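The next block holds one structure in the form of structure tokens; read it before the comments.
Protein chains in written order, with my numbering: chain D, 32 to 353; chain W, 756 to 1106.
Right, dumping it as structure tokens:
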């Protein structure tokens, strides 16, 4: 690797030495920053402003010069609802179904996942044999690609699958799991917990291992009951890590798309369609491509994410400051 | 309740013997193995089954293959059956053809005499065998190598570019004192708040205007600068003492030489962690490639897998084999670099 890179590096050195002579050492920093700043500018900052431009204009043209200004029209269309609790009463009922699904999904998925991650981290923190091995057992699904995760479980849940075989062998009826809206949603939550749990377990385990042992020894001296030890020592000392995990899980949960799209395609009907899938289908998969609506929905999502990220930064800072 | 919590909070097992809480712990861990590994093991086993075996319900654990025999006078190998009833009970016969409920069979020992057997009375003779044709078929029937190449190209190029660009920025932000440094840092933090998922529409426009739609570069370039990468590397480079750089400057080394001869080698651990993360991100990437790449020729493995699961939903044998091949590289990375992955993910808070 080094031998391939060395000549390239030497070629880059020629203009860099020239720039160093022209600019002086300290200002050369800008040259080092340049590629990154160009990429950030082009693919992160510019898109933010353009996103507003799209959200404020209509028609299915991609070029901004050919789009007509509609003001808040896209937002009004999305928000046109008689009753926000009932997606059927909305003009864009598909959007509101996606919002409802996302909220339900995030609440269930984050709750269940953080619960199981905590339980697993506590178990792994006990004095057990082969801890490293067990840790990786729970962790490895994190590395699998979303499509692979979806196909693994589709294969298990399909009508002639191993789950139905198991059910029939104990005398129950087999069932077409992914054709029922409630089961499809439930399995989506399960799949998502299965795939991401290990990541949060890892963080919580690190948090648990950072709690000093002597605190527990002192508690043992004082004959504190295990319940009291857990409630008075483990939980409070783990609280900052828990907060980080919760916020991270929320940020990821709101943006769920890949594995569920490959798993159910958003169906049956729109039972497992989430907000990112709405944006994808409105802006890219359907015809006409409604970029305006997609951008407006993105901005609503961005607001939620900015709030959550600000929370994350605040939580991190508070942790660092102690 | 109290005893459950005792189980959860205890960190020390009894001296040398298994407490009931230990049994519970190991029970939970065994359940974990079953639930986490089981599905993947099942996938791999299933991928070695023949299409006929996959259609079987209830499924069997191991892949089997019906035994065949090649007899004089027959061009194709004949399937072997054990006869379970009727006058030929106990014999092993080869089937010539099946007509309705009756099978025309022949005894391999007396190949001239044709027998008529009720299909109720026969059971296939099977042996354990791996249906490797599921895998070889992928290369013959699909453009599998093309997808593999696309995925590999994207992963390698994106990782190299990202490492170079991000380490250059991290070097500038950690080792130089210049006006506007704080502003740049704040901007980098700002990009943390805007994930790709919320700027898909304008990102699509920009990629299109740069002529990178349906090109692998359209996947590689927009994600090349990551705030996570800059941060991880900057934090690490801050720990490298400035005296080394001063010494190099005394020796008249150019800044670029200092960067790639001194700083990069010294940051190797952080770069390794970031490289592993980048490989993982890019290999598994889905939504952005889905938007940028719409021609089958440019599909990555993930996209191909997703689009085939619609087309081949009746042909699980190819689909399962392709799934296994897609997860294989990541599984190998995991086996060899597990420690780095865990520390990398824990220190960046990203996956």
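For every residue, glycine included, the Cβ atom is placed at its ideal position computed from N, Cα and C. Keep in mind the model is a prediction, meaning the values are calculated, not measured.
* Contacts that residue 947 of chain W makes with chain D (C-beta to C-beta distance below 9 Å) -> In the second chain, residue 947 of chain W corresponds to position 192, counting from 1. Neighbours of residue 947 of chain W on chain D, chain order: 340, 343, 344.
* Asked: So with Cβ pairs under 8 Å, would you call residue 957 of chain W a contact of chain A?
  -> Among the protein chains in the structure shown, which are D and W, there is no chain A.
* Going by alpha carbons, who is nearest to residue 229 of chain D out of D/145, D/284, D/195, D/126? -> For this step, residue 229 of chain D is matched to residue 198 along the first chain. Selected option, being the one with the closest Cα: D/145.
* In the DSSP assignment, what residue or residues form a beta bridge with residue 849 of chain W? -> Position 94 of the second chain holds residue 849 of chain W. BP columns for residue 849 of chain W point to W/835, W/861.
* Below 8 Å, can you find three or more Cβ-Cβ pairs linking the segment 144 to 160 of chain D to the segment 311 to 324 of chain D? -> no
* Residues of the segment 177 to 190 of chain D with Cβ closer than 7 Å to any Cβ of chain W, in chain order -> 177, 178, 179, 182, 183, 184, 186, 187
* Asked: Do you know how far the Cα of residue 97 of chain D is from the Cα of residue 231 of chain D?
  -> On the first chain, residue 231 of chain D is found 200 positions in, with the first residue counted as 1. On the first chain, residue 97 of chain D is found 66 positions in, with the first residue counted as 1. Roughly 46 Å between the two C-alpha positions.
* Might you give, ordered along the chain, the residues of its own chain that have their beta carbon closer than 7 Å to the beta carbon of residue 910 of chain W, omitting 5 neighbours on each side? => Within the second chain, the letter at position 155 stands for residue 910 of chain W. Answer for residue 910 of chain W: 1034, 1037, 1038, listed in chain order.
* Asked: For the putative contact between residue 835 of chain W and residue 823 of chain W, defined by C-beta atoms under 8 Å, what is the C-beta separation to the nearest angstrom?
  -> If you number the second chain from 1, residue 835 of chain W lands on position 80. If you number the second chain from 1, residue 823 of chain W lands on position 68. About 6 Å separates the two Cβ atoms, so the contact holds.
* To do: Name the two residues that bound the continuous beta strand (DSSP E) containing residue 783 of chain W.
  => On the second chain, residue 783 of chain W is found 28 positions in, with the first residue counted as 1. No beta strand (DSSP E) holds residue 783 of chain W; the alpha helix (DSSP H) holding it covers 775 to 802.
* To do: Note the first and the last residue of the continuous alpha helix (DSSP H) segment covering residue 1066 of chain W.
  => On the second chain, residue 1066 of chain W is found 311 positions in, with the first residue counted as 1. For residue 1066 of chain W, the enclosing alpha helix (DSSP H) covers residues 1056 to 1066.
* Asked: Taking buried to mean at least 16 other C-beta atoms within 10 Å of its own C-beta, is residue 309 of chain D buried or exposed?
  -> The residue labelled residue 309 of chain D in the question sits at position 278 within the first chain. With 16 or more other Cβ atoms within 10 Å, it is buried.
* Anything in chain W within Cβ reach of residue 314 of chain D, meaning under 9 Å, just list it in chain order. => As a first step, residue 314 of chain D is located in the first chain; it is residue number 283 there, counting from the start. Per Cβ cutoff of 9 Å: 955, 956, 959, 1046.
* Note down the Cα distance separating residue 879 of chain W from residue 900 of chain W, rounded to an integer number of angstroms. => As a working mapping, residue 879 of chain W is identified with position 124 in the second chain. As a working mapping, residue 900 of chain W is identified with position 145 in the second chain. Spanning the two alpha carbons is a distance of roughly 36 Å.
* **Within chain W, partners of residue 293 of chain D - CB distance below 9 Å** => Counted from its first residue, the first chain places residue 293 of chain D at position 262. Under the 9 Å cutoff, chain W gives 1041, 1057, 1060, 1061, 1064.
* Asked: Is any beta-carbon of chain W found at less than 8 Å from that of residue 310 of chain D?
  -> If you number the first chain from 1, residue 310 of chain D lands on position 279. Yes - at least one Cβ of chain W is within 8 Å of the one on residue 310 of chain D.
* **Three-state secondary structure assigned by DSSP to residue 93 of chain D** => Here residue 93 of chain D is taken as the residue at index 62 of the first chain, counted from 1. Reduced to three states, the DSSP call for residue 93 of chain D is coil.
* Could you round the C-beta distance between residue 335 of chain D and residue 285 of chain D to whole angstroms and report it? I think they count as a contact, below 8 Å. => In the first chain, counting from the first residue as 1, residue 335 of chain D sits at position 304. In the first chain, counting from the first residue as 1, residue 285 of chain D sits at position 254. Indeed, because the Cβ distance is near 6 Å, the residues count as touching under 8 Å.
* For residue 954 of chain W, which three-state DSSP category applies? -> Along the second chain, read from residue 1 onward, the residue named residue 954 of chain W stands at position 199. Looking at residue 954 of chain W - three-state DSSP - the assignment turns out to be coil, as it is neither helix nor strand.
* Asked: So which residues on chain W does residue 194 of chain D lean against when the C-beta distance must stay under 7 Å?
  -> Sequence index remark: in the first chain, residue 194 of chain D carries index 163 (1-based). Simply none; closest approach about 10 Å.
* Residue of D/170, D/333, D/86, D/306 minimising C-alpha distance to residue 135 of chain D -> In the first chain, residue 135 of chain D corresponds to position 104, counting from 1. Of D/170, D/333, D/86, D/306, the residue nearest in Cα terms is D/306.
* Asked: At a CB-CB cut-off below 9 Å, which residues of chain W make contact with residue 145 of chain D?
  -> Your numbering for residue 145 of chain D matches position 114 in the first chain. Chain W residues near residue 145 of chain D: none, gap ~15 Å exceeds 9 Å.
* **Extent of the continuous beta strand (DSSP E) to which residue 255 of chain D belongs** => Translated into positions along the first chain, residue 255 of chain D becomes position 224. No beta strand (DSSP E) contains residue 255 of chain D, which DSSP labels as neither H nor E.
* Hey, how far is the Cα of residue 803 of chain W from the Cα of residue 103 of chain D? -> Taking the first residue of the second chain as position 1, residue 803 of chain W is located at position 48. Taking the first residue of the first chain as position 1, residue 103 of chain D is located at position 72. Cα to Cα, residue 803 of chain W sits roughly 56 Å from residue 103 of chain D.
* Asked: Can you find at least 3 beta carbon pairs, one from the segment 962 to 978 of chain W and one from the segment 1008 to 1025 of chain W, that sit closer than 8 Å?
  -> Because the criterion of three Cβ pairs below 8 Å is not met, the segment 962 to 978 of chain W and the segment 1008 to 1025 of chain W do not touch.
* Own chain partners of residue 871 of chain W with C-beta closer than 6 Å, once the 5 adjacent residues on each side are dropped -> Counting from 1 along the second chain, the entry for residue 871 of chain W is found at position 116. Taken in chain order, the residues that qualify are 857.
* Proximal residues to residue 929 of chain W (C-beta, below 6 Å), its chain only, five neighbours per side dropped -> The residue given as residue 929 of chain W occupies position 174 in the second chain. Cβ neighbours of residue 929 of chain W beyond the five flanking positions: 989, 992, 993.
* Taking 8 Å as the cut-off, decide whether the C-beta atoms of residue 346 of chain D and residue 235 of chain D are in contact. => Start at 1 with the first residue of the first chain, and residue 346 of chain D comes out as number 315. Start at 1 with the first residue of the first chain, and residue 235 of chain D comes out as number 204. Cβ distance not < 8 Å, so residue 346 of chain D and residue 235 of chain D don't count as in contact.
* So which residues on chain D does residue 814 of chain W lean against when the C-beta distance must stay under 9 Å? -> Position 59 of the second chain, counted from the first residue, corresponds to residue 814 of chain W. Those within 9 Å of residue 814 of chain W in chain D are 191, 192, 193, 196.
* Where residue 756 of chain W sits in the DSSP three-state scheme -> Counted from its first residue, the second chain places residue 756 of chain W at position 1. A caution first: residue 756 of chain W carries a pLDDT of 49, below 50, which makes its placement in the model unreliable, though a value can still be read off. Correct three-state label for residue 756 of chain W: coil.
* Compile a chain-ordered list of the residues in the segment 873 to 892 of chain W whose CB is closer than 8 Å to at least one CB of chain D. => none
* **Option in W/881, W/841, W/827, W/997 with minimal Cα separation from residue 865 of chain W** => Residue 865 of chain W sits at position 110 when you count from the first residue of the second chain. Of W/881, W/841, W/827, W/997, the residue nearest in Cα terms is W/827.
* DSSP on residue 241 of chain D, reduced to helix/strand/coil? -> Taking the first residue of the first chain as position 1, residue 241 of chain D is located at position 210. Coil.
* Compare the beta carbon distance of residue 183 of chain D and residue 1080 of chain W with 8 Å and say whether it is the shorter of the two. => On the first chain, residue 183 of chain D is found 152 positions in, with the first residue counted as 1. On the second chain, residue 1080 of chain W is found 325 positions in, with the first residue counted as 1. Cβ atoms of residue 183 of chain D and residue 1080 of chain W: not closer than 8 Å.
* To do: For chain D, find out if any of its Cβ atoms is closer than 8 Å to the Cβ of residue 818 of chain W; answer yes or no.
  => Taking the second chain and counting its residues from 1, one reaches residue 818 of chain W at position 63. Not one chain D Cβ lies under 8 Å of residue 818 of chain W.
* Asked: Counting Cβ pairs, one atom from each stretch, are 3 or more of them under 8 Å apart for the segment 50 to 57 of chain D and the segment 288 to 298 of chain D?
  -> no
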